[in-house]
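Residue numbers (my numbering), protein chains in the order written: chain A, 2 to 203; chain B, 2 to 203; chain C, 2 to 203; chain D, 2 to 203. Ideal Cβ placement from N, Cα and C applies to all residues, glycine included. Bear in mind the structure is a predicted one, so any value in this text is a computation, not a measurement. Some notes on the structure that comes next.
4 protein chains.
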Amino acid sequence: MTPDLARAGEELAAECARYTAMGWMRGTSGNLSVVLDRDPLRLAVTVSGKDKGELTPDDVVVVDADGATEDPVKVPSAEAGLHARIAAVAGAGAVVHVHALAPVVAAELWPDGVELRDLEMLKGFGRAAHDDRVVVPVVPNSQDMRVLGNAFEAGFRADVPALLVARHGVYVWGEDLRRARHRLECLEWLLRFKVETRRHAP
Amino acid sequence: MTPDLARAGEELAAECARYTAMGWMRGTSGNLSVVLDRDPLRLAVTVSGKDKGELTPDDVVVVDADGATEDPVKVPSAEAGLHARIAAVAGAGAVVHVHALAPVVAAELWPDGVELRDLEMLKGFGRAAHDDRVVVPVVPNSQDMRVLGNAFEAGFRADVPALLVARHGVYVWGEDLRRARHRLECLEWLLRFKVETRRHAP
Amino acid sequence: MTPDLARAGEELAAECARYTAMGWMRGTSGNLSVVLDRDPLRLAVTVSGKDKGELTPDDVVVVDADGATEDPVKVPSAEAGLHARIAAVAGAGAVVHVHALAPVVAAELWPDGVELRDLEMLKGFGRAAHDDRVVVPVVPNSQDMRVLGNAFEAGFRADVPALLVARHGVYVWGEDLRRARHRLECLEWLLRFKVETRRHAP
Amino acid sequence: MTPDLARAGEELAAECARYTAMGWMRGTSGNLSVVLDRDPLRLAVTVSGKDKGELTPDDVVVVDADGATEDPVKVPSAEAGLHARIAAVAGAGAVVHVHALAPVVAAELWPDGVELRDLEMLKGFGRAAHDDRVVVPVVPNSQDMRVLGNAFEAGFRADVPALLVARHGVYVWGEDLRRARHRLECLEWLLRFKVETRRHAP
Chain A
2 MTPDLARAGE ELAAECARYT AMGWMRGTSG NLSVVLDRDP LRLAVTVSGK
52 DKGELTPDDV VVVDADGATE DPVKVPSAEA GLHARIAAVA GAGAVVHVHA
102 LAPVVAAELW PDGVELRDLE MLKGFGRAAH DDRVVVPVVP NSQDMRVLGN
152 AFEAGFRADV PALLVARHGV YVWGEDLRRA RHRLECLEWL LRFKVETRRH
202 AP
Chain B
2 MTPDLARAGE ELAAECARYT AMGWMRGTSG NLSVVLDRDP LRLAVTVSGK
52 DKGELTPDDV VVVDADGATE DPVKVPSAEA GLHARIAAVA GAGAVVHVHA
102 LAPVVAAELW PDGVELRDLE MLKGFGRAAH DDRVVVPVVP NSQDMRVLGN
152 AFEAGFRADV PALLVARHGV YVWGEDLRRA RHRLECLEWL LRFKVETRRH
202 AP
Chain C
2 MTPDLARAGE ELAAECARYT AMGWMRGTSG NLSVVLDRDP LRLAVTVSGK
52 DKGELTPDDV VVVDADGATE DPVKVPSAEA GLHARIAAVA GAGAVVHVHA
102 LAPVVAAELW PDGVELRDLE MLKGFGRAAH DDRVVVPVVP NSQDMRVLGN
152 AFEAGFRADV PALLVARHGV YVWGEDLRRA RHRLECLEWL LRFKVETRRH
202 AP
Chain D
2 MTPDLARAGE ELAAECARYT AMGWMRGTSG NLSVVLDRDP LRLAVTVSGK
52 DKGELTPDDV VVVDADGATE DPVKVPSAEA GLHARIAAVA GAGAVVHVHA
102 LAPVVAAELW PDGVELRDLE MLKGFGRAAH DDRVVVPVVP NSQDMRVLGN
152 AFEAGFRADV PALLVARHGV YVWGEDLRRA RHRLECLEWL LRFKVETRRH
202 AP
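Set out below in structure tokens:
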């Protein structure tokens with residue numbers, strides 16, 4: 002392991018443990034990645050099929066821009082290809098994908114995109130708290146990462162660092178894992194607020 | 002204690018502590034088991050009446066295919082007979098039974114079985130994320146494990162590793178405790194999603 | 002401190018920390034007691050006004066059958082009189098009073114008493130899982146412990162070890178703190194189930 | 002650092018960690034302050050932009066009555082000016098501002114103020130449990146702390162130690178951080194109760 006990969010492994014395992022404790026990575030769901038190199042693109046991504054609350058820094062594998070690995074043993078997450086696509090298109094340094102409930106409920110209620118506006122927490126998502134309409138795109142679920150990646154890219158806007166995959170989960174990205182985490186936490190709060198207040202609408 | 006039983010006791014206590022922390026084993030509710038031998042069937046099952054957050058590896062008792070024990074002191078869970086039946090019929094290596102709320106609410110709302118389809122989390126339950134209709138069976142509650150066992154067996158399908166007992170709780174099984182856990186966590190998520198989105202249906 | 006009182010203090014502090022972590026003793030709310038002597042009645046009750054997540058074994062005070070203390074310094078919970086009344090009338094060895102949300106919501110929705118029936122969790126409350134109608138009494142809130150105590154006694158049945166105080170909280174009792182805890186946990190689950198399924202009723 | 006500032010830093014970091022664990026400071030949201038001096042007013046306030054679950058006692062900065070600092074390096078929370086205004090007008094020794102969900106949902110449902118009455122938890126908010134009508138004021142969100150401060154002051158009543166900022170969060174204050182915490186915890190409970198029971202209203 003290179004020092005960069007070792008450090009990425011430590012950070013990825015720590016973030017996974019955090020999200021697992023929040024109930025956002027039930028079963029073996031979800032996966033996180035960090036960019037190691039830009040040219041050519043190389044990412045460290047969490048391995049497939051492990052309990053995300055029990056990852057070690059070694060449970061990480063290097064993939065290329067297609068999500069493919071040359072690792073003879075470790076299997077990257079099946080969604081590594083979408084991580085790589087997001088990192089390439091959005092220029093993100095870290096991509097987090099979790100199965101929090103509120104984002105998936107929101108995607109079900111607003112399948113054409115979830116509109117958020119005039120909420121303080123939008124600042125933590127990189128937008129303005131007033132008069133700034135944000136629409137988080139929703140794409141249909143697929144097992145083909147090229148299909149998902151094309152749908153992502155078709156709806157991509159540089160100022161919306163998140164993607165909802167219907168009946169599946171949420172992707173959020175940022176410069177590094179810390180900033181992606183803050184955006185994810187704010188977005189999850191916003192979507193819970195949106196779902197909760199819809200219930201009470203007259 | 003044999004080494005196998007001692008190891009089973011350690012694993013069962015650890016899993017119980019985990020589920021208790023999630024609020025799924027309130028009071029002294031729920032029970033877990035692992036298969037020790039297949040022929041004749043012998044299972045290690047958690048003892049009756051103890052706080053599941055405070056089990057020790059010794060709080061485990063060996064039962065046969067009828068859920069009966071020869072242990073002169075320890076009392077197995079009253080539901081040990083259903084654990085043994087599930088292990089025999091489904092060929093499971095571990096059976097977990099918890100009183101999470103969402104499964105019992107779902108069983109109340111869909112008493113003829115809970116249909117799940119086109120949801121990514123179904124992969125963590127051993128099924129496909131698309132075009133694969135899953136119906137989790139619901140059986141009426143009973144204190145007679147033969148009655149429950151017959152109802153379970155009547156609705157058993159090898160590709161649905163779970164059973165909802167109405168107004169009671171959920172059983173999930175798998176090759177070992179880890180895999181049963183992952184299936185349970187995914188099923189609980191799916192049932193929360195199902196209940197939450199029903200509330201918002203037009 | 003007598004050894005009995007010291008042990009009671011340790012147990013009361015530990016149980017308070019547990020309930021605080023569950024969100025059931027927000028602010029400085031709630032109070033717990035254990036009976037030290039029956040004739041005349043003496044109880045160890047948690048002191049007033051402290052954060053229940055930060056109690057020490059010393060934060061306990063001895064009260065008599067009226068909830069009064071001879072302690073020159075420590076102030077017992079204002080509700081000590083009701084604890085003593087419950088201990089006397091029900092013969093309980095421990096009384097727990099917490100401000101969990103579901104019991105107070107249930108008391109609001111069913112002000113004439115909350116009916117529970119045909120639910121497995123009733124076994125953990127000391128009743129049968131089938132064909133056994135349980136009505137948890139609801140009394141109006143009051144700051145006068147004699148008024149509350151009279152309302153409690155008027156509706157007391159030996160087979161219902163709990164009392165809901167409207168717009169306030171829940172009392173549950175048992176032989177000791179452990180058994181009171183198990184009954185409380187089961188009752189809270191039952192009331193959450195009752196509230197959740199009412200929401201979905203046609 | 003003066004001893005007072007060092008102690009304030011320790012207490013602020015500990016309270017932030019507590020609220021973060023409760024999910025009330027997602028992303029980098031929320032900020033806390035304690036008064037160091039009254040004349041002229043000086044407060045220690047948490048720095049801007051950090052994860053509130055990872056603050057150290059050093060992540061605190063001194064501001065004046067306008068929320069301005071002379072610190073050459075550290076940036077106070079953008080809301081420091083409102084903290085100072087509340088401390089001045091209400092005479093509070095500590096001000097806590099968090100993004101718990103229920104207060105923001107309540108502000109959305111009752112934009113003219115949230116009425117609370119005849120609830121035991123009001124005692125933990127400094128009011129009576131009976132026949133004492135409390136209205137928690139709601140003000141529109143703003144990024145200008147003078148606008149927010151003026152709206153706060155216009156609706157200020159000495160017996161209501163809280164302010165809801167619509168689509169943003171809640172401020173609660175008290176003599177010190179501990180008492181502000183207890184009031185916040187009680188208010189959050191009260192607003193959850195209010196929101197939950199509204200859902201069930203006929």
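I think residue i touches residue j, with their Cβ atoms under 8 Å apart; what is that distance to the nearest whole Å?
i	j	result
A/Ala30	A/His84	For the sequence presented, residue 30 of chain A should be read as Ser rather than Ala. Not quite, the Cβ-Cβ distance comes to about 15 Å (not below 8 Å), so this is no contact.
B/Val171	B/Pro162	Incorrect: roughly 11 Å between the Cβ atoms, too far for contact.
D/Leu110	A/His201	6 Å
D/Glu186	C/Gly28	5 Å
C/Asn32	C/Ser78	4 Å
D/Leu188	D/Phe126	6 Å
A/Gly94	A/Gly175	7 Å
Does the beta carbon of residue i sit closer than 8 Å to a beta carbon anywhere in chain A?
i	result
B/Gly125	yes
D/Asn32	no
D/His169	yes
B/Ala130	yes
B/Arg199	no
B/Asp119	yes
D/Gly94	no
D/Pro106	It is Val, not Pro, that sits at residue 106 of chain D in the sequence shown. D/Val106 counts as touching chain A.
Please tell me whether residue i and residue j are closer than 8 Å, where the distance is taken between their beta carbons.
i	j	result
C/Thr47	C/Asp67	no
C/Met26	C/Gly82	no
C/Leu102	C/Lys195	no
C/Ala159	C/Val140	no
A/Val36	A/Glu12	no
A/Arg182	A/Val105	no
C/Leu6	C/Val64	no
B/Leu178	B/Val115	no
D/Leu42	D/Ala89	yes
D/Thr57	D/Ala14	yes
D/Gly54	D/Thr21	yes
B/Leu120	B/Ala108	no
B/Arg199	B/Phe153	no
C/Pro138	C/Gly156	yes
D/Leu123	D/Val136	no
Using a Cβ cut-off of 8 Å (strictly closer), state whether residue i contacts chain C.
i	result
D/Glu116	no
D/Leu102	no
B/Arg19	no
B/Thr3	no
For chain B, find out if any of its Cβ atoms is closer than 8 Å to the Cβ of residue i; answer yes or no.
i	result
A/Thr57	no
C/Leu273	It is not possible to answer for residue 273 of chain C, since the shown part of chain C is limited to 2 through 203.
A/Arg39	no
A/Gly68	no
Mind checking if residue i is an interface residue toward chain D, Cβ cutoff 8 Å exclusive?
i	result
A/Met122	yes
C/Thr47	no
C/Arg8	no
C/Arg134	no
C/Arg43	no
Legend entry - alpha helix (DSSP H) runs wholly inside the region 116–199 of chain D, at least 4 long, in chain order: 146–156
Inset, instruction - Please name the residues in the region 174–195 of chain D whose beta-carbon is closer than 9 Å to at least one beta-carbon of chain A, in chain order. - result: none
Inset, instruction - Go through the region 57–83 of chain C residue by residue and report every complete run of the beta strand (DSSP E) that reaches 3 residues or more, in order. - result: Within the region 57–83 of chain C, the runs of beta strand (DSSP E) that reach at least 3 residues and sit entirely inside it are, in chain order, 61–64.
Legend entry - Residues in the region 70–85 of chain B having any Cβ partner in chain C nearer than 8 Å: none
Inset, instruction - Check distances from the C-beta atoms of the region 144–160 of chain C to those of chain D and list, in chain order, the residues that come in under 7 Å. - result: Gln144
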